Ligand SMILES: Cc1cc2nc3c(=O)[nH]c(=O)nc-3n(C[C@H](O)[C@H](O)[C@H](O)COP(=O)(O)OP(=O)(O)OC[C@H]3O[C@@H](n4cnc5c(N)ncnc54)[C@H](O)[C@@H]3O)c2cc1C
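Protein chains in written order, with the working numbering: chain A, 1 to 512; chain B, 513 to 1046.
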């Protein structure tokens, strides 16, 4: 009698532990998948990321298995501790990696350390369990059952992950959720297994905060995600880099990809041709025979691509602040494809410099200057739209030359647009404001400006375009009443009028 | 916590942090471990004047027509005037290794920063000489159609100019713009309306009541009346008692005079607000000229050529001779005997008296109040700013002891400079001279830094982590305070009256208000006096 009870108890115990193996195996694989998926999201090249993550993880598991022999004494106690630790580390690995994406430089270090740590801890689990179970099964039974259950768990994870977890929970919550499951295994053992009684108290003191942490993580994971991303990006992030100057983020879906600088959309691959054709060709056509071209900003090389269409062009000097941008768009095949290798073209010289300082000390003069800076959303960019800056740029312009300035939206930011116009006017330019529709941006504005009134627009475009034509350009010169000129101040270094207008104009749009 | 136990705990924290990782180590870095120095210019000056090195006989002999003692703004202005008038034979002797006095600037890792004076409000159109000088200096680059000066846009302080840290948040401008009680708003309105009308007011002699330089201002009895009462009394008796307004005005007095409301005269307190009628093309009357190196820019413009300038020499004494004067000067290794026809004493009055002790024994130093100023230079890297208001040129902390800090890189045009120098200004007011001197002598760099970091903590909680260098610079006698009655009593004019057409005086101590405009005028007046009498 006594013996049968004992027997049944042993069975129940073995059953628990085998279930634990199953759950553990699922959790373990999920952590690996989360890390792999995040790595390929953030670093791109998913084949590479997945295989390195899996490699490191498996190797670390091996290390863990080896180390497991060092665990002596109360093995069940060790196992409970281990579950809590795996829950903590594995559970937090998702959110940690996600948050670290802000500091992309450190990301790979963190990624592989976390993967290795999780893998190692997970690697201890099975050998430890096998040792616990070893006096209840023959070695043959033990190995066959444990591994069968283990692989089954892995199968479950690999099916759940793409079908249910990622779509419904998202990566961060998935990771936290499975962390929680690891701790539940610990709780379960604590309450269902007699032998844990003498350390139950102590274990609960450890289990409580860990579970709470993971649980609250689940609750706040939305917050975390939006904190990390500023809820900016609708599409998955393909790549993100931080330079000293800005944060470059590229998101993509099946149809197109988008470039964001500090969270502001710079272009969408589906309609950037509209923006860049409108930026470059009216001025080039108006000048007819421009040879020396200067591009300020525009490190994506897309304006350069358009300029290169003109056979008269002898050389193009691109000055952009951010080497990260240039490197991406010159060396990364995915992006250089978009600008058709413009940045590697022999006619193109690239300088990394701050435009204001560069313009002040430059010597050369150009026929055409394309000014393609980010919108004047802060004071340091606002300086690049001041009268003083335009006066400096004017010195870099041949007397018969012209420049064009991307000038934000005349519809949304009407005062800002006309402020740029007024400022160019104050700097002694004749201006030709125009605008066009770019679906990703809305109505967008540009201002052509020349010291001498010499631009001709009875042009035929001698080059291939998808959007711009002489007729279209004529329409672009018409400003309907809701975008018509308004009286505004000149933007100067000592008033930064433009930044103030810009904030007021875009303010209502940024906080819906 | 004494230093040893502090060090011990720092060691444990440090070694603990080592285990956790380098980032944790950073965050518990204290200001004490940041490299830097404490400097007290002119410190050795008092020392050596007291000791009065006995006259070594083998001094090098120099002779000059005009000797200028002191290479601050006043002395340099005098030198410029004389040289422009064709006096080539001028010798200027300056104690420090570079000229500039309180208007000096410095450099840390190639980045310029001010050490004292750091701005010049755009001058009134009447201040013709200053305008001419600004043209020379390149700060005025032309005239518009109305003949108003066009200021160099690189020198006009860029927007955003100033902000105020109030109740844990930054706001634009220095005057709280929200949450003010109605009474406060009314009093601010009244005060500014009053100063606006005073700005235009002229005295019986047809001159403006409030004017730079003071020597051109009206001598109307109204001015004397205002000067005979304290600013705080005047404010109360005119119904200005709102705590927020008084707080703001106290800040202004500390900022301009290094003194508190009860110390300065009502005339001086109002002068700050009523004397600026600056005009120019596309500028407001409260626009200011600023440079990364502070007013060292103006000093360099005064000092276009270095001819006849001897730095590193302390003038210890002066005697009258048959032809003029003879001065003794010493450096660390040499000594000079300088014979001159005339001398301009462009040094603080107390120093002038010591130098003249033999020649004019009856001369007593003026009773002036000078607050010490403690300047902190923080060289920071990637210091994060929080909140919507970006770092401004002038950053003031409501309710603090200091008058805030300036961003020396403000005029820099490149985007988002990584490295910055923040220059923190702290006048020690309301302490009797003796005590403040004791305080200056007993506190070391770490003591000052601890206070400055404490003050900046709500703004930059991890400042120490981002600070690469932290220097303290102490001006023992920062600037003269226009105390009650000082400007109207006539003692300043008396003390600066030339003696025997040989000894002339030029220093802001004799203006009673210490600003560049006054120093500039002091120099010109002394030079003119020399030129007039041949
Ligand atoms: C912290 C601070 C901030 C300020 N901010 C401003 C500001 O923003 N704008 C403004 O307009 N003004 C400002 N001022 C005031 C301004 O600095 C002064 O008004 C001006 O520089 C004074 O020039 P000075 O020539 O009259 O005197 P000083 O600068 O005192 O010049 C005297 C010179 O004489 C030298 N000297 C002294 N004794 C001897 C000797 N025995 N032999 C040889 N040389 C000697 C000294 O080294 C010094 O160079 C500020 C002052 C301070 C202290």
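All residues carry an ideal CB built from backbone N, CA and C; glycine is no exception.
Source: prediction; values computed, not measured.
- Query: Interface residues of chain B around residue 357/A at Cβ under 7 Å?
  - Reply: As a working note, residue 357/A is residue 357 in the first chain. Result: 925, 926.
- Can you tell me the Cα-Cα spacing of residue 345/A and residue 387/A, whole angstroms? Translated into the one-based positions of the first chain, residue 345/A becomes position 345. Translated into the one-based positions of the first chain, residue 387/A becomes position 387. The C-alpha of residue 345/A lies about 33 Å from the C-alpha of residue 387/A.
- Task: Please report how far the alpha carbon of residue 17/A lies from the alpha carbon of residue 978/B, in whole angstroms.
- Result: Taking the first chain and counting its residues from 1, one reaches residue 17/A at position 17. Taking the second chain and counting its residues from 1, one reaches residue 978/B at position 466. Answer to the nearest angstrom: the Cα atoms are 52 Å apart.
- Message: Quick check on DSSP: helix, strand or coil for residue 411/A?
- Response: In the first chain, residue 411/A corresponds to position 411, counting from 1. DSSP places residue 411/A in coil when its eight states are reduced to three.
- When DSSP labels each residue in this structure, what does residue 476/B get in the three-state scheme? Since the displayed chain B opens at 513 and closes at 1046, residue 476/B lies outside it and no answer follows.
- Message: Please give me, in chain order, every unbroken run of the beta strand (DSSP E) with length at least 3 that falls completely inside the region 979-1034 of chain B.
- Response: 979-992, 1015-1017
- Item | Option in 641/B, 974/B, 938/B with minimal Cα separation from residue 898/B | By 1-based counting over the second chain, the position of residue 898/B is 386. Checked all of 641/B, 974/B, 938/B; the closest Cα to residue 898/B is 974/B.
- Return the CA-CA distance between residue 13/A and residue 124/A, expressed in angstroms with no decimal places. Against the first chain, residue 13/A aligns to sequence position 13. Against the first chain, residue 124/A aligns to sequence position 124. Distance between the alpha carbons of residue 13/A and residue 124/A is about 20 Å.
- Query: Would a check of beta-carbon distances place residue 1039/B closer than 8 Å to chain A?
  - Reply: Position 527 of the second chain, counted from the start, is the residue given in the question as residue 1039/B. No, no contact with chain A.
- State yes or no: is the C-beta of residue 275/A within less than 8 Å of the C-beta of residue 444/A? If you number the first chain from 1, residue 275/A lands on position 275. If you number the first chain from 1, residue 444/A lands on position 444. Taking 8 Å as the Cβ cut-off, residue 275/A and residue 444/A qualify as a contacting pair.
- In chain order, what residues of the same chain lie with their CB nearer than 7 Å to the CB of residue 142/A, ignoring the 5 residues before and after it? Sequence index remark: in the first chain, residue 142/A carries index 142 (1-based). 130, 133, 134, listed in sequence order.
- Can you list, in chain order, the stretches of the alpha helix (DSSP H) that have 4 or more residues and sit fully within the region 859-923 of chain B? If we require 4 residues or more, the alpha helix (DSSP H) runs fully inside the region 859-923 of chain B come out as 861-867.
- Query: Is residue 1034/B near ligand 3, with its Cβ less than 7 Å from a heavy atom?
  - Reply: Ligands displayed in this structure: ligand 1; ligand 3 is not among them.
- Message: Looking only at its chain, what residues have a beta carbon closer than 7 Å to the beta carbon of residue 962/B, apart from the 5 residues adjacent to it on each side?
- Response: For the purposes of this step, residue 962/B is taken as residue 450 along the second chain, with counting starting at 1. Excluding residues within five positions, the ones whose Cβ falls inside 7 Å are 543.
- Message: To the nearest angstrom, how far is the alpha carbon of residue 507/A from that of residue 375/A?
- Response: The count along the first chain starts at 1 and reaches residue 507/A at position 507. The count along the first chain starts at 1 and reaches residue 375/A at position 375. Distance between the alpha carbons of residue 507/A and residue 375/A: 13 Å.
- Item | DSSP-derived helix/strand/coil call for residue 608/B | Your numbering for residue 608/B matches position 96 in the second chain. Coil.
- Item | Residue span of the alpha helix (DSSP H) that contains residue 307/A, given as start and end | Locating residue 307/A in the first chain gives position 307, counting from the first residue. 302-307 is the span of the alpha helix (DSSP H), which, as asked, contains residue 307/A.
- Task: Kindly examine ligand 1 and report whether one of its heavy atoms sits closer than 7 Å to the Cβ of residue 498/A.
- Result: Residue 498/A sits at position 498 when you count from the first residue of the first chain. No - ligand 1 has no heavy atom lying nearer than 7 Å to the Cβ of residue 498/A.
- Message: 8 Å is my cut-off, CB to CB: does residue 633/B come that close to chain A?
- Response: By 1-based counting over the second chain, the position of residue 633/B is 121. It does not; no Cβ of chain A falls within 8 Å.
- Message: When you measure from the CB of residue 370/A to every non-hydrogen atom of ligand 1, does any distance come out below 7 Å?
- Response: Numbered from its first residue, the first chain carries residue 370/A at position 370. No.
- Item | Proximal chain A residues relative to residue 670/B, where beta-carbon distance stays under 8 Å | By one-based count along the second chain, residue 670/B stands at place 158. Those within 8 Å of residue 670/B in chain A are 379, 383, 493, 494, 496.
- Straight-line Cα distance separating residue 914/B from residue 53/A: Here residue 53/A refers to the residue found at position 53 of the first chain. Here residue 914/B refers to the residue found at position 402 of the second chain. Their backbone Cα atoms lie some 54 Å apart in a straight line.
- Whether residue 90/A touches residue 170/A by CB criterion (8 Å): Residue 90/A sits at position 90 when you count from the first residue of the first chain. Residue 170/A sits at position 170 when you count from the first residue of the first chain. No, Cβ-Cβ distance for residue 90/A and residue 170/A is not below 8 Å.
- Pick out the complete alpha helix (DSSP H) segments inside the region 701-784 of chain B, 4 residues or longer, and give them in chain order. 733-739, 743-749, 755-769
- Message: With three or more C-beta pairs closer than 8 Å as the rule, is the region 605-613 of chain B touching the region 584-596 of chain B?
- Response: yes
- Message: Strictly below 8 Å CB to CB, what residues from chain A border residue 799/B?
- Response: One-based indexing of the second chain puts residue 799/B at position 287. Simply 494.
- Task: Closer than 6 Å by C-beta to residue 892/B: which residues in its own chain qualify, once you throw out the five before and the five after it? Chain order, please.
- Result: Within the second chain, the letter at position 380 stands for residue 892/B. Excluding sequence neighbours, residue 892/B sits near 932, 978, 979.
- Query: residue 794/B touches chain A at which residues, Cβ-Cβ below 7 Å?
  - Reply: In the second chain, counting from the first residue as 1, residue 794/B sits at position 282. Those within 7 Å of residue 794/B in chain A are 492.
- Task: Using a Cβ-Cβ cut-off of 8 Å, state whether residue 665/B counts as contacting chain A.
- Result: Translated into positions along the second chain, residue 665/B becomes position 153. Chain A contact via Cβ: present.
- Limits of the alpha helix (DSSP H) - the one that residue 325/A falls within: One-based indexing of the first chain puts residue 325/A at position 325. Start and end: 323-331.
- Own chain partners of residue 762/B with C-beta closer than 8 Å, once the 5 adjacent residues on each side are dropped: One-based indexing of the second chain puts residue 762/B at position 250. Once the five neighbours on either side are set aside, the close Cβ partners of residue 762/B are 772, 773.
- Check residue 365/A in the structure and name its three-state DSSP category. Here residue 365/A is taken as the residue at index 365 of the first chain, counted from 1. DSSP places residue 365/A outside both helix and strand once states are collapsed to three, so it counts as coil.
- Task: Give a yes or no on whether the minimum CB-CB distance between residue 321/A and chain B is below 8 Å.
- Result: Counted from its first residue, the first chain places residue 321/A at position 321. Taking Cβ atoms only, chain B reaches closer than 8 Å to residue 321/A, which makes this a yes.
- Item | Assigned exposure category for residue 72/A - 16 Cβ within 10 Å defines buried | Locating residue 72/A in the first chain gives position 72, counting from the first residue. Under this definition residue 72/A is an exposed residue.
- Item | Interface residues of chain B facing residue 388/A [CB-CB closer than 8 Å] | On the first chain, residue 388/A is found 388 positions in, with the first residue counted as 1. Per Cβ cutoff of 8 Å: 665, 666.
- Taking Cβ positions, are residue 379/A and residue 266/A nearer each other than 8 Å? Taking the first chain and counting its residues from 1, the one referred to as residue 379/A is at position 379. Taking the first chain and counting its residues from 1, the one referred to as residue 266/A is at position 266. Contact flag unset, no.
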